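Take 1 as the starting number for the sequence shown in full-length UniProt numbering and just add one per residue.
By construction, the Cβ of each residue, glycine as well, lies at the ideal position given by its N, Cα and C atoms.
Note that this is a predicted model, so its numbers are computed, not measured.
What follows is a set of notes on a single structure, which appears directly below.
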Amino acid sequence: MGELRFDGRVAVVTGAGRGLGREYALLLAQRGATVVVNDAGGSLAGSGSDAGPADAVVREIVSAGGKAVANTDSVATPDGGRAIVDTALDRYGRIDILVHNAGIVRRAPLRDMSYDDFEAVLDVHLRGAFHVVRPAFPLMCDAGYGRIVLTSSIGGLYGNHDVANYAVAKAGVLGLSNVAAMEGAAHGVVSNVIVPAAVTRMAEGLDTSAYPPMGADLVAPAVGWLAHESCSVTGEVLIALAGRIARAVVAETPGVYRPSWSVEQVGEDIDAIRDTTDPVVFPVIPDGHGDHIRYSFAMAAQHA
Ligand code: NAD
């Protein structure tokens, strides 16, 4: 395969001043994309702002011969999201690639979590995704081309202690990506989710001494492929962690059919209901929603 390049493409990467987003921005720019490097530059918990991180990444790109512009708006508000997308539009007249990667962390056990911490994390990760997808999506559909990559997390797939806010937000982006994939399908717009893991400042406080190599450089190629014209999947979820790239799917058990159920029968059949020996997977595209319903209807019809 020849080198996959992004010449002529305009990419917006949120949270691109540090960590994973910085790596994505550098990769895209190095392969010819013009990049809007968005980063509000605050602390891990989301307080404060600093133009330094976004400016530094732009300097790095430009000094290597690439094209980039900094943007320091926050993804956490509708106006901020629009301003980020407008930067691409005003400067370069288009947006081909949107990677929503910005993130913050506020930890607290569920029993103590404040509404402030819950909302602040949803504002950046989940509403933040909507704040940039909402203005970018119609532009992409009208142009007949778009690549959207949203960021989930192991915590979004499986949960984690002390991050109910983060787990909710990271699960939520799966729903947004799926709908963007469905509604974008007829317009050349694909949307997928990355579940990354890398040692960045988000690992502060963790003992990472026994980890295998786990740099952001091991995640960026997966995002690069999802952002590329040749990306052949949509409505999917890729995992990239410590050199392992994999696909995550929602799977169902075939289930058990009865024409009527009692509570007791659910209890009696629970092992068969939960039996994952032959999982069923309904890909989002072309019609996971309809396939799920048809599968259940077919089971009912079979027993009618
Ligand atoms: P990071 O803290 O190094 O980088 C995140 C960047 O987002 C920071 O530079 C920050 O300033 C920026 N940001 C925060 N709030 C913003 C806002 N409102 N507007 C604009 N920019 C904002 O973290 P990272 O590890 O590189 O994480 C990147 C993404 O990957 C996040 O969405 C995170 O949840 C996700 N993720 C990371 C890991 C991991 O192992 N590092 C695992 C799972 C998911």
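Within 7 angstroms: the Cβ of residue i and any heavy atom of the ligand NAD?
| i | result |
| --- | --- |
| Asp39 | yes |
| Thr276 | no |
| Arg201 | yes |
| Ser74 | yes |
| Ser153 | yes |
| Gly2 | no |
| Pro221 | no |
| Val121 | no |
| Val149 | no |
| Thr14 | yes |
| Ala102 | yes |
| Leu44 | yes |
| Pro212 | no |
| Ala168 | Ala is not the amino acid found at residue 168; the sequence shown has Val there. Every heavy atom of the ligand NAD is 7 angstroms or more from the Cβ of Val168, so no. |
| Gly19 | yes |
| Pro53 | yes |
| Val233 | no |
| Ala240 | no |
Compare the Cα-Cα distances from residue i to each of the options and report the closest residue.
| i | options | result |
| --- | --- | --- |
| Ala197 | Met214, Leu206, Asp207 | Met214 |
| Gly155 | Ser209, Met202, Met182 | Met202 |
| Ala180 | Asp117, Asn192, Val249, Gly172 | Asn192 |
| Arg247 | Gly255, Leu238, Thr253 | Leu238 |
| Pro212 | Val199, Gly205, Glu204 | Val199 |
| Pro279 | Val250, Ala45, Leu4 | Val250 |
| Tyr166 | Ala45, Glu3, Ala298 | Ala45 |
| Ala304 | Val284, Arg274, Tyr257, Val263 | Tyr257 |
| Phe6 | Tyr115, Gly66, Thr151, Val263 | Gly66 |
| Ala64 | Phe282, Ala33, Val284 | Ala33 |
| Tyr115 | Thr276, Ala164, Asn160, Leu176 | Ala164 |
| Ala227 | Ala129, Asp112, Phe118, Arg147 | Arg147 |
| Trp261 | Pro254, Ile273, His125 | Ile273 |
| Pro138 | Val85, Met113, Pro259 | Val85 |
| Ala298 | Asp271, Gly255, Arg244, His187 | Gly255 |
Using beta-carbon positions only, say whether residue i and residue j come within less than 8 angstroms of one another.
| i | j | result |
| --- | --- | --- |
| Ile194 | Ala136 | no |
| Ala70 | Val37 | yes |
| Val13 | Gly21 | yes |
| Val121 | Ala171 | no |
| Cys141 | Val189 | yes |
| Gly185 | Thr234 | Correcting the residue identity first, residue 185 is Ala in this sequence and not Gly. Yes, the Cβ-Cβ distance between Ala185 and Thr234 is below 8 angstroms. |
| Glu3 | Val219 | no |
| Val173 | Leu157 | no |
| Ile61 | Val99 | no |
| Val281 | Asn178 | no |
| Gly15 | Asn101 | yes |
| Ala242 | Gly19 | no |
| Ala40 | Asp79 | no |
Three or more C-beta pairs closer than 8 angstroms, one from the region 275-291 and one from the region 257-267: is that the case here?
-> No, they do not touch.
Is there contact here, the region 218-228 with the region 26-40, by at least three beta-carbon pairs under 8 angstroms?
-> Contact holds between the region 218-228 and the region 26-40, because three or more Cβ pairs, one in each stretch, are under 8 angstroms apart.
Below 8 angstroms, can you find three or more Cβ-Cβ pairs linking the region 43-57 to the region 133-151?
-> Short answer: they don't touch.
Assess, as a yes-or-no matter, whether the region 98-107 is touched by the region 54-68 under the definition of 3 or more beta carbon pairs within less than 8 angstroms.
-> No: fewer than three Cβ pairs fall under 8 angstroms.
What runs of the beta strand (DSSP E), each 3 residues or longer, lie entirely inside the region 169-238?
-> At a cut-off of 3 residues, the continuous stretches assigned as beta strand (DSSP E) that sit fully inside the region 169-238 are 189-197.
Only counting runs of 3 or more residues, tell me where the beta strand (DSSP E) segments fall wholly within the region 83-118, in order along the chain.
-> Here the runs fully enclosed are 97-100.
Ordered list of beta strand (DSSP E) runs contained in the region 240-288, each at least 3 residues | Correct list: 244-248.
Unbroken stretches of the alpha helix (DSSP H), 4 residues or longer, contained in the region 4-46 = DSSP runs (the alpha helix (DSSP H)) wholly in the region 4-46: 19-30.
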